[in-house]
Amino acid sequence: MGAVGLQGDADLLAATRRGNAAAYGALYERHAPAARILARRLVRDPVEAETAVAETFTALLLLVRDGGGPREAFRPWLLAALRRTVRDRGRGKRGPGRRTPPADPAPTGPERAPMARVFFSLPERWRLVLWHTGAERAGPAEVAPLLGLAPDGAAALARTAREGLRQAYIRARLGGDLRIGCRPALRKMPAHLRGDLERRAATALEEHMDGCAGCHGVFLELADVGRTLRRAVGPLVAGPAFPAYLAGLERARGVRGRFRRWRVPGSWWRPLAAVAAVVALTATATLAAALTVASAGGPPVSPSGSPPSGEPFPSPGAPSPASPADRCATGPPARTPGAGSGPSRP
1335 MGAVGLQGDA
1345 DLLAATRRGN
1355 AAAYGALYER
1365 HAPAARILAR
1375 RLVRDPVEAE
1385 TAVAETFTAL
1395 LLLVRDGGGP
1405 REAFRPWLLA
1415 ALRRTVRDRG
1425 RGKRGPGRRT
1435 PPADPAPTGP
1445 ERAPMARVFF
1455 SLPERWRLVL
1465 WHTGAERAGP
1475 AEVAPLLGLA
1485 PDGAAALART
1495 AREGLRQAYI
1505 RARLGGDLRI
1515 GCRPALRKMP
1525 AHLRGDLERR
1535 AATALEEHMD
1545 GCAGCHGVFL
1555 ELADVGRTLR
1565 RAVGPLVAGP
1575 AFPAYLAGLE
1585 RARGVRGRFR
1595 RWRVPGSWWR
1605 PLAAVAAVVA
1615 LTATATLAAA
1625 LTVASAGGPP
1635 VSPSGSPPSG
1645 EPFPSPGAPS
1655 PASPADRCAT
1665 GPPARTPGAG
1675 SGPSRP
C-alpha cells in the first residue's frame, strides 16, 4: 500500500480495524467538512455543531475498532450517525455511557420505497460510488481518492454501479404484481436507456409507456439515477436537511474552485479564523483522545453519540410521496424520450 492519504476509504477502514490511528485520521480529514455542513444545518450553534461532529467520529471509531460499522461506504454511515448524535444531544442524552437506541422504521417512510431497498442491497462499493456521484453530485475526480482509483477508473465504476442498480431495480419490479404487457416492457428498459434496443422494439416500448403510468414512472426513475437517489435515499441518510446539505456541498465546491484561482486580500477574515480555530481545536481534542485510546488497544468505551452496531439509517419520520412507478395506468403520461435523446446522468 502507498501512503495513507492515497488509500481508498475501504483501505483506511481496514487499517483502522487493525489499530492504525493515522488511517482514521485520514478518514476524518476527508469527511469532516461534509459532516460539518450537515451539522450546521441541524443545529444553529457552531460550537454545538463541532461537538456533535467530534462525538460522531469518536463513536464511529470505536464501532469500527470493535468490528462493526461500514467496510467501504463511510460517508452515509457518518451522516446518519451524526443525525442521531444531534437528535440525542437535543434530548439531553449527553452523559458518559449513553447508548443510541435503534431507529424504529416508519411503515410509510421512504425506506419502504423499492429504490431505497434495492440501493441498500447493492455491494457496498457500488453504494459508495452511487452515493457520491448520484446523491451528492460529485465528479469522478472528487470520488476517485475515496475509491483508491484514478478518475477514469472511478467513472467506469460509476457506470457499472448505475447499470447494476437498474438491473436490480428491474428484478425487484418483476417480482411484484404487474399488468399485462408490463413485464416485457420492464425487461427492455435497461437496453433502451443504453441505446441498444432496435428501433421497432423501442417504438413498442414507448407506446406501452405512453399508456402505462407505472412503467413510465419506472423508466424515469432509471433514466435519472442521481435524481432518484436524492429523492429516495438522501432523506434516509441526512433527513429533511438533505436538500440544504446538498446545497452546502455545492457551495463548498464552488468556494474551493474560486480559491484555487485567487486569494482574498486584506485581513478581515483573521478574527473569524481565530474563533474557528478554537472551536475546531476543542472538537478535535475529543477525537484525538479516542484515537489515543484506540491505538493503545484499550477496551472500547461507550461514548456520547455511539450508534448501534446495525445499519444506522434512521427514518425521517414523514411518509414519502407515492412514486409514479407504484401506480397503475390512470391516463396517458407525457411522451417518453427515445433512446436517441439519451437519459440524463447524475
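Counting with my numbering, you get residues 1335 to 1680 for the letters of the sequence shown. Just so it is clear, CB atoms sit at the ideal spot from N, CA and C, and this is done for glycine as well. Since this is a predicted model, take the numbers as computed values, not measurements.
Item to check | Delimiting residues of the alpha helix (DSSP H) encompassing I1371 | outcome: Translated into positions along the sequence shown, residue 1371 becomes position 37. Element bounds for I1371: A1355 to L1376.
Checklist entry - Taking the continuous alpha helix (DSSP H) assigned at T1390, which residues delimit it? => result Here residue 1390 is taken as the residue at index 56 of the sequence shown, counted from 1. Looking at the DSSP string, the run of the alpha helix (DSSP H) that includes T1390 is P1380 to R1399.
Item to check | Which of helix, strand or coil DSSP assigns to P1441 | outcome: For this step, residue 1441 is matched to residue 107 along the sequence shown. Note that P1441 has pLDDT 31, beneath the 50 cutoff, so the model's placement of it is unreliable and no number is given.
Checklist entry - What residues in its chain sit with their C-beta under 7 angstroms from that of A1475, if we drop five residues either side in the sequence? => result Looking up residue 1475 in the sequence shown gives position 141. The beta carbon of A1475 lies closer than 7 angstroms to those of P1485 in the same chain, with the five residues before and after it left out.
Checklist entry - Going by the beta-carbon positions, is the gap between R1461 and F1453 smaller than 8 angstroms? => result Here residue 1461 is taken as the residue at index 127 of the sequence shown, counted from 1. Here residue 1453 is taken as the residue at index 119 of the sequence shown, counted from 1. Yes, they are a contact pair.
Checklist entry - Hey, R1417 and A1572: beta-carbon distance below 8 angstroms or not? => result The sequence position of residue 1417 within the sequence shown is 83, counting from 1. The sequence position of residue 1572 within the sequence shown is 238, counting from 1. The Cβ atoms of R1417 and A1572 sit closer than 8 angstroms to each other.
Item to check | R1352 in three-state terms, based on DSSP | outcome: Here residue 1352 refers to the residue found at position 18 of the sequence shown. Coil at R1352, not helix or strand.
Checklist entry - Which residue from P1404, A1386, R1409 and V1552 puts its Cα closest to that of L1422? => result In the sequence shown, the residue the question calls residue 1422 occupies position 88. For clarity, residue 1422 is Asp in the given sequence; the question names Leu instead. Selected option, being the one with the closest Cα: A1386.
Checklist entry - Between R1399 and G1545, what straight-line distance do the alpha-carbon atoms span, to the nearest angstrom? => result Numbered from its first residue, the sequence shown carries residue 1399 at position 65. Numbered from its first residue, the sequence shown carries residue 1545 at position 211. Distance between the alpha carbons of R1399 and G1545 is about 54 angstroms.
Checklist entry - Does DSSP classify P1448 as helix, strand or coil? => result Within the sequence shown, numbered from 1, the residue matching residue 1448 stands at position 114. P1448 falls in the helix class under three-state DSSP.
Item to check | Straight-line gap, R1521 to T1562 (C-alpha atoms, nearest Å) | outcome: Here residue 1521 is taken as the residue at index 187 of the sequence shown, counted from 1. Here residue 1562 is taken as the residue at index 228 of the sequence shown, counted from 1. Approximately 19 angstroms, taken between the alpha carbons.
Item to check | Coil, strand or helix - V1559 by DSSP | outcome: The count along the sequence shown starts at 1 and reaches residue 1559 at position 225. V1559: helix per DSSP, three-state reduction.
Item to check | Beta-carbon proximity of L1480 to R1364, cut-off 8 angstroms | outcome: Numbered from 1 along the sequence shown, position 146 holds the residue referred to as residue 1480. Numbered from 1 along the sequence shown, position 30 holds the residue referred to as residue 1364. A distance below 8 angstroms separates the beta carbons of L1480 and R1364.
Checklist entry - At what residues does the alpha helix (DSSP H) containing W1411 begin and finish? => result Within the sequence shown, residue 1411 is the residue found at index 77, counting from 1. First-last of the alpha helix (DSSP H) with W1411: F1408 to G1424.
Next on the checklist: In this structure, how does DSSP classify G1529 when only helix, strand and coil are distinguished?
Outcome noted: Here residue 1529 refers to the residue found at position 195 when the sequence shown is read from its first residue. G1529 sits in coil when the DSSP states are folded into three classes, being neither helix nor strand.
Checklist entry - In terms of residues, what are the limits of the alpha helix (DSSP H) holding R1501? => result Against the sequence shown, residue 1501 aligns to sequence position 167. The sequence shown places Gln at residue 1501, rather than the Arg named in the question. Its alpha helix (DSSP H) spans residues P1485 to L1508.
Checklist entry - Could you check where the alpha helix (DSSP H) with E1470 kicks off and where it finishes? => result Within the sequence shown, the letter at position 136 stands for residue 1470. Element bounds for E1470: n/a, residue is neither H nor E.
Item to check | Which of helix, strand or coil DSSP assigns to D1511 | outcome: Within the sequence shown, numbered from 1, the residue matching residue 1511 stands at position 177. Three-state result, D1511: coil.
Checklist entry - In whole angstroms, what is the alpha-carbon distance linking M1543 and I1514? => result In the sequence shown, the residue the question calls residue 1543 occupies position 209. In the sequence shown, the residue the question calls residue 1514 occupies position 180. Taking the straight line from one Cα to the other gives about 13 angstroms.
Checklist entry - G1424: which of D1558, L1376, H1550 and L1570 sits nearest, CA to CA? => result Here residue 1424 is taken as the residue at index 90 of the sequence shown, counted from 1. Ranked by Cα distance from G1424, the options D1558, L1376, H1550 and L1570 are led by L1376.
Next on the checklist: Nearest by alpha-carbon distance to T1392: which of T1350, F1576, R1405 and R1564 is it?
Outcome noted: Counted from its first residue, the sequence shown places residue 1392 at position 58. T1392 has its Cα closest to that of T1350, out of T1350, F1576, R1405 and R1564.
Item to check | Reference G1582, options N1354, P1367 and D1343, closest by Cα | outcome: By 1-based counting over the sequence shown, the position of residue 1582 is 248. Nearest C-alpha to G1582: P1367.
Item to check | Residues near R1471 in its chain [Cβ-Cβ closer than 6 angstroms; skip 5 each side] | outcome: Walking along the sequence shown from the start, residue 1471 turns up at place 137. Closer than 6 angstroms at Cβ, skipping near neighbours: no residue.
Checklist entry - Secondary structure at P1569, three-state DSSP: helix, strand or coil? => result Position 235 of the sequence shown, counting from 1, holds the residue named residue 1569. DSSP places P1569 in helix when its eight states are reduced to three.
Next on the checklist: Taking 8 angstroms as the threshold (C-beta atoms), are R1405 and L1347 in contact?
Outcome noted: Stepping through the sequence shown from its first residue, residue 1347 is reached at position 13. Stepping through the sequence shown from its first residue, residue 1405 is reached at position 71. Taking a C-beta distance under 8 angstroms as the contact criterion, L1347 and R1405 qualify as a contact pair.
Checklist entry - Going by Cα to Cα distance, which pick from T1419, A1414 and R1528 is closest to E1389? => result As a first step, residue 1389 must be located in the sequence shown, where it is residue number 55. The residue with the shortest Cα to Cα distance from E1389 is T1419.
Next on the checklist: Measuring alpha carbon to alpha carbon, tell me which residue in T1494, T1467 and A1535 is nearest E1584.
Outcome noted: The count along the sequence shown starts at 1 and reaches residue 1584 at position 250. Nearest neighbour of E1584 by Cα position, chosen from T1494, T1467 and A1535, turns out to be T1467.
Next on the checklist: Spatial neighbours of A1586 within its chain, please: C-beta separation below 8 angstroms, excluding the five flanking residues on both sides.
Outcome noted: If you number the sequence shown from 1, residue 1586 lands on position 252. For A1586, where only same-chain residues beyond five positions count, the Cβ hits under 8 angstroms are P1367 and I1371.
Next on the checklist: For a test of the three-state rule: what should DSSP assign to G1482, helix, strand or coil?
Outcome noted: By 1-based counting over the sequence shown, the position of residue 1482 is 148. Here G1482 sits in coil by DSSP.
Next on the checklist: Let me make sure I understand the geometry here. Which of A1506, A1557 and C1516 has the alpha-carbon closest to that of A1525?
Outcome noted: As a first step, residue 1525 is located in the sequence shown; it is residue number 191 there, counting from the start. It is A1557 whose Cα lies nearest to the Cα of A1525.
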